[in-house]
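A quick write-up on the structure given underneath.
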Amino acid sequence: MSGVFYMSKEGLEKLQEEIKYLRTVRRPDIAKAIAEAREKGDLSENAEYHAAKEEQGHLEAKLSELEGKLVNARIMDDSLLDASKANILSTVEVLNKKLNKKMKFTLVNEAEANFKEGKLSISSPIGKALLGKAVGDNVQAHTPGGEMEFEILNISI
Numbered sequence: 024m025s026g027v028f029y030m031s032k033e034g035l036e037k038l039q040e041e042i043k044y045l046r047t048v049r050r051p052d053i054a055k056a057i058a059e060a061r062e063k064g065d066l067s068e069n070a071e072y073h074a075a076k077e078e079q080g081h082l083e084a085k086l087s088e089l090e091g092k093l094v095n096a097r098i099m100d101d102s103l104l105d106a107s108k109a110n111i112l113s114t115v116e117v118l119n120k121k122l123n124k125k126m127k128f129t130l131v132n133e134a135e136a137n138f139k140e141g142k143l144s145i146s147s148p149i150g151k152a153l154l155g156k157a158v159g160d161n162v163q164a165h166t167p168g169g170e171m172e173f174e175i176l177n178i179s180i
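Numbering (this note's numbering), first residue to last: 24 to 180.
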C-alpha cells in the first residue's frame, strides 16, 4: 500500500486495536489449530490442517494490509480543516431531492466507513460527489441504485 491514509484519531485507535487482536488472539488460535491438525497424522489428506493453513494465509494477508495502512496513517487535525467545503472528516447535511429527506454524513476514509453510523467513505459515489462542494451546491451522485441528487444544507467539522 502506498500513499498517505488520512483518518481520525478514533479510526487510528480502532485500527491499532484490530491489529493487536489479530496478532495476540487470532494468530495464536490459528497456530494452535495447525498444531492440533498436525497431530492427527498424514497432512496430505488432512482437511483440518489445510483449512487452518488457509485461514493463516488470510490472517497474514489481512495483517499485512492493516499494517500498511497503519504505517501510512496520518491523523487529520480538524482545527486545520476548512468548513466552507466538504472534505474528509466534514459532517455534511444534505437534502435528498428525490425523497425530500434530510440526511447527515461524516466523510471518512474507507476503513472508517459505516453507513449505519452515518460515516460515508470519500471513495463512495456519494462521498466523491460531495467532496469539495460548498453549502447551497446541488450535487449529483451516480450510485449503483441510480442517479441521486442532493442539495448541501450545512457543513461542519
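From the three backbone atoms N, C-alpha and C, an ideal C-beta is built for every residue, glycine too. Treat the numbers as computed from the prediction; the structure is a model and nothing was measured.
Going by DSSP in three states, residue i sits in which element: helix, strand or coil?
{"i": "residue 156", "result": "coil"}
{"i": "residue 136", "result": "coil"}
{"i": "residue 149", "result": "helix"}
{"i": "residue 176", "result": "strand"}
{"i": "residue 53", "result": "helix"}
{"i": "residue 115", "result": "strand"}
{"i": "residue 107", "result": "coil"}
{"i": "residue 168", "result": "coil"}
{"i": "residue 86", "result": "helix"}
{"i": "residue 130", "result": "strand"}
{"i": "residue 120", "result": "coil"}
{"i": "residue 163", "result": "strand"}
{"i": "residue 80", "result": "helix"}
{"i": "residue 68", "result": "coil"}
So the candidates are the options; which of them puts its Cα closest to the Cα of residue i?
{"i": "residue 143", "options": "124, 57, 170, 112", "result": "112"}
{"i": "residue 117", "options": "159, 165, 40, 96", "result": "159"}
{"i": "residue 171", "options": "45, 90, 161, 130", "result": "161"}
{"i": "residue 58", "options": "74, 180, 133", "result": "74"}
{"i": "residue 33", "options": "53, 132, 76", "result": "132"}
{"i": "residue 130", "options": "71, 62, 178, 56", "result": "178"}
{"i": "residue 180", "options": "99, 123, 121", "result": "99"}
{"i": "residue 156", "options": "36, 97, 110", "result": "110"}
{"i": "residue 41", "options": "121, 119, 88", "result": "88"}
{"i": "residue 106", "options": "124, 125, 153", "result": "153"}
{"i": "residue 167", "options": "176, 147, 174", "result": "147"}
{"i": "residue 43", "options": "124, 90, 151", "result": "90"}
{"i": "residue 122", "options": "108, 173, 68, 70", "result": "173"}
Is it the case that the Cβ atoms of residue i and residue j are separated by a distance below 7 Å?
{"i": "residue 38", "j": "residue 93", "result": "yes"}
{"i": "residue 77", "j": "residue 53", "result": "no"}
{"i": "residue 72", "j": "residue 60", "result": "yes"}
{"i": "residue 134", "j": "residue 35", "result": "no"}
Checking the sheet assignment: what are the DSSP bridge partners for residue i?
{"i": "residue 59", "result": "According to DSSP, residue 59 bridges with nothing at all."}
{"i": "residue 144", "result": "131"}
{"i": "residue 30", "result": "98"}
{"i": "residue 125", "result": "118"}
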